[in-house]
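Just below is one structure, and these are the notes that go with it.
Protein chains in written order, with UniProt numbering: chain A, 1 to 521; chain B, 1 to 202; chain C, 1 to 247.
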């Protein structure tokens, strides 16, 4: 490419590196691995492959995660890049965790702090509210997502605000915040790069920490060419990121309001803590004249000193990095401006009453369970058709809508690695197991599936019927996969060879070799 | 019933059974050696930042001279250096948009992570630490703490309207894991080790 | 010591040699091993799918068959995990609790109960990739999973190191689930098979001749995937290797 044709010229800051130079390196020339950086190049090769889209949403009908996953797998370039990228993050996480001798003890302490706080949540919320008010903060309470959106709209309208820059917040995703505000003619601008990509592509985030991790650079180049007017043939990551910076910066400067999510809310001081790598929460909180923080009520921790536990766990679990680039503590408004905090329930107080599932409220949204999940890595986050994907999604989503998300707890092999990487020790795979029971009991699983299990139970509880089932015709072998799983479609055989037929079952061998004619062993 | 009352009523009604005491957090042994400057330097480098020792007493800013020389607008929040943009005269946070280099002093540094802490009084205008293209941070080596746990025992978190730990520059790898500095905030962060009192060699 | 041998349904029907090897291996240590003739299944297919009520009669039958033994031993991590952790659809009488507590997976029985020191009859001069069944690994504690910061140990590898000539090769993703997942393998066949393909590819890349595991269900799935991919790997249960299978 000749210099004259290089669209980087004039568009991007002169200090940005040349296209041939990839990830940032340290002074010793070693590839830097902080933030969500990959430890090695993970480049989805040309030719272009259309980006697989997420689950088909059909009102309240149960999500077909398997169908969406199959389409993701049918895009092998995307699937491979996604799997390798997230596995790389999982390995970085392992290295970080193994670098701290007290790691498992920290997880236990974090889990206990969360259990304590959640079982005293009314007290700590009251303490937080009092501290925030004493700091000059306006405190609001929202029972659900719709109330949150109305409260924020009301604040904006009182200030005549028409545009709002925000940092990434899973809570606002839960609330459908962007869609609501669009309907009220408020311009919402996401400022996290990944979230911005997703907003411009009109797609939900696919991962709680890396919202666009399912996209390749080619997909991003397409989105930016369409929405920001960049060169569609330039897929250099620096060019794309810089283009986003240059186009978002003016929007940040002229925004009427800024909003952030919240990683931790400290009861004793009334502080909202955000952890970001881009500094976009700090831009959102420090540049516009009006400042809003949306807080899920489960984000409370008692004291500042407890951050000494959670901050050590969060980024190491999420990215394998010792800390995020920015750990920001917003306590009181800047001189001459207003600071609002909206405390949102949206189902959390109900979940607290669910004996088997309330500990899912401990979640600090690090995404470690997603990165380790072999199903998630091969399905993509959008295949779950819900705000929360991956293992934590499987146990949280049904609390929002038991029918729509009734299928999700079955999108797991229950291998248990999610539980082991969880920094607050949520027993995720056991809750997946428990959800299956609840859903079966409440008849939220397909009738066919339940019918098959009833038939299986009837056969497996009667030795004679069981023997008959597996010894008919040409022995058990052709029948058994179907028998064992009661699956009329033989989905086993589509992608795998059937097991080979042994000469006889163990049972028959035992009878022949170890028993006399009287049937005694 | 107000939303607040309704939420509190549900929280009380749904409180899980059982006793869940708040655990004591032990003081964990720092994972860094005694040479905090060396540890801090190495760890900040791995987070994309840079550490320089101050130059001679006559020219403590020598190590960052080229950065400063190339800057049209320099906003300084420290008495050791006079920039050409007066932070105290700023009317709006947006006024920092054209700053090339900001110079600020950190309250303290954290060796375990390579972090530095600022409060609103250190920054004078908070936005300068994000809207500037580059950040130069003065840090007294005596202000280095061993680890994050020690940091969270400091009073700044309970007293400041705004307190922030910076660990290297703004970064993203949201596109295929390619690490890029200067995602939205500063493109570089350089810590200049310079004592708080009169300038001089360390 | 009276041992009840539990041969899970998959082993019974597809891998009878695994049941035979388990029986013979236990007998080599002079144990009195009985095979209750009316046994069927542990109930896992139903509970795995959430259908606990539908599993109750099968669970009751399991307890009836295996009550009264000093130990119940099975060559399957996932079935033992089911019995120990999830056999809860029937009232938890003392008899039920006793059977659940006494049920052991073969590797842990050899390693922790018998504390065996040598397997002089066992030789397996091959490169072996070991596959950790997830329930065995994380459910019943066969080994330290790679994601935990705890001291390393591995019971199956401790046993395999006693086998002459056997060489362990390392996988790039040693603890990654192979995608069998019980009924997951048929309800989500695309993801399940892809996980299996990736697992098989990892094993082949590591230079293995054989894949050894303590669970026949994972092996059956992986073998089916390897055959479909045309990868010439051989799959064998750890009971057979420890019992002196030649190859």
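Ideal Cβ positions, reconstructed from N, Cα and C, are used throughout, including at glycine.
It should be emphasised that the depicted structure is a prediction, and the values quoted were computed from it without experimental measurement.
Own chain, CB closer than 6 Å to residue i, minus 5 neighbours either side, in chain order
i, result
"residue 166 (chain C)", "124, 128 and 160"
"residue 163 (chain A)", "187, 255 and 256"
"residue 342 (chain A)", "140, 142, 148, 151 and 294"
"residue 298 (chain A)", "348 and 361"
"residue 333 (chain A)", "136 and 339"
"residue 66 (chain C)", "4, 72 and 99"
Local Cβ density within 10 Å of residue i, reported as buried at 16 or more and exposed below that
i, result
"residue 513 (chain A)", "exposed"
"residue 57 (chain A)", "exposed"
"residue 443 (chain A)", "exposed"
"residue 121 (chain A)", "buried"
"residue 35 (chain B)", "exposed"
"residue 29 (chain C)", "exposed"
"residue 130 (chain C)", "buried"
"residue 55 (chain A)", "buried"
"residue 79 (chain B)", "exposed"
"residue 121 (chain C)", "exposed"
"residue 152 (chain C)", "exposed"
"residue 447 (chain A)", "exposed"
"residue 17 (chain C)", "buried"
Chain A contact for residue i (CB, 8 Å cutoff)
i, result
"residue 230 (chain C)", "no"
"residue 186 (chain C)", "yes"
"residue 176 (chain B)", "yes"
"residue 235 (chain C)", "no"
"residue 104 (chain B)", "no"
"residue 146 (chain C)", "yes"
Contact set for residue i: own chain, Cβ-Cβ below 7 Å, skip 5 residues either direction
i, result
"residue 76 (chain B)", "82, 83 and 103"
"residue 195 (chain C)", "177, 178 and 179"
"residue 84 (chain A)", "42"
"residue 405 (chain A)", "63, 386, 397 and 398"
"residue 365 (chain A)", "170 and 208"
Residue i at chain C interface by Cβ criterion, 8 Å
i, result
"residue 341 (chain A)", "no"
"residue 494 (chain A)", "yes"
"residue 289 (chain A)", "no"
"residue 10 (chain A)", "At residue 10 (chain A) the pLDDT is 49, less than 50, meaning the model places this residue with poor confidence; the figure from the coordinates comes in the next sentence. It does not: the Cβ of residue 10 (chain A) has no partner Cβ on chain C nearer than 8 Å."
"residue 504 (chain A)", "yes"
Contact with chain B by residue i, beta-carbon distance below 8 Å
i, result
"residue 53 (chain A)", "no"
"residue 260 (chain A)", "no"
"residue 282 (chain A)", "yes"
"residue 199 (chain A)", "no"
"residue 295 (chain A)", "no"
Neighbourhood of residue i by C-beta, 8 Å cutoff - its chain only, sequence neighbours within 5 removed
i, result
"residue 76 (chain A)", "49"
"residue 33 (chain A)", "39, 92, 320 and 321"
"residue 31 (chain B)", "112 and 147"
"residue 37 (chain C)", "none"
Contact check, residue i vs residue j, beta carbons under 8 Å
i, j, result
"residue 108 (chain C)", "residue 140 (chain C)", "yes"
"residue 291 (chain A)", "residue 356 (chain A)", "no"
"residue 311 (chain A)", "residue 148 (chain B)", "yes"
"residue 152 (chain B)", "residue 308 (chain A)", "yes"
"residue 378 (chain A)", "residue 79 (chain A)", "yes"
"residue 54 (chain C)", "residue 449 (chain A)", "no"
"residue 70 (chain B)", "residue 283 (chain A)", "no"
"residue 183 (chain C)", "residue 8 (chain C)", "no"
"residue 237 (chain A)", "residue 178 (chain B)", "yes"
Residue i Cβ short of 7 Å to the ligand GDP heavy atom set
i, result
"residue 94 (chain A)", "The ligand GDP is absent from the structure shown, which contains no ligand whatsoever."
**Item:** Chain-ordered residues of the segment 327-338 of chain A with a beta carbon less than 8 Å from chain B
**Value:** Within the segment 327-338 of chain A, the qualifying residues are 327, 328, 329, 330, 331, 332, 333 and 334.
**Prompt:** Mind listing which residues of the segment 9-27 of chain B have their C-beta closer than 9 Å to chain A's C-betas, in chain order?
**Reply:** Within the segment 9-27 of chain B, the residues whose Cβ lies closer than 9 Å to some Cβ of chain A are 9, 10, 11, 12, 13, 14, 15, 16, 17, 18, 19, 20, 21, 22, 23, 24, 25 and 26, listed in chain order.
**Asked** Going along the chain, which residues of the segment 20-41 of chain A sit with their C-beta nearer than 7 Å to a C-beta in chain B?
**Response** 22, 23, 24, 26, 27, 32, 34, 35, 36, 37 and 38
**Item:** Contact list for the segment 135-154 of chain A against chain B, Cβ threshold 8 Å
**Value:** 135, 141, 142, 143 and 147
**Members of the segment 210-225 of chain C that neighbour chain A once the beta carbon cut-off is set at 7 Å** = 220, 221, 224 and 225
**Interface residues of the segment 36-70 of chain B facing chain A [CB-CB below 8 Å]** = 43, 45, 46, 47, 48 and 50
**Request:** May I ask you to list, following chain order, the residues of the segment 73-87 of chain C that have a beta carbon less than 7 Å from some beta carbon of chain A?
**Result:** none
**Message:** Beta carbons nearer than 8 Å to chain B: which residues of the segment 298-310 of chain A have them?
**Reply:** Residues 302, 304, 305, 306, 307, 308 and 309.
**Request:** Below 7 Å between beta carbons is the criterion; list the residues of the segment 202-226 of chain A that meet it against any residue of chain B, in chain order.
**Result:** 210, 212, 216, 217 and 220
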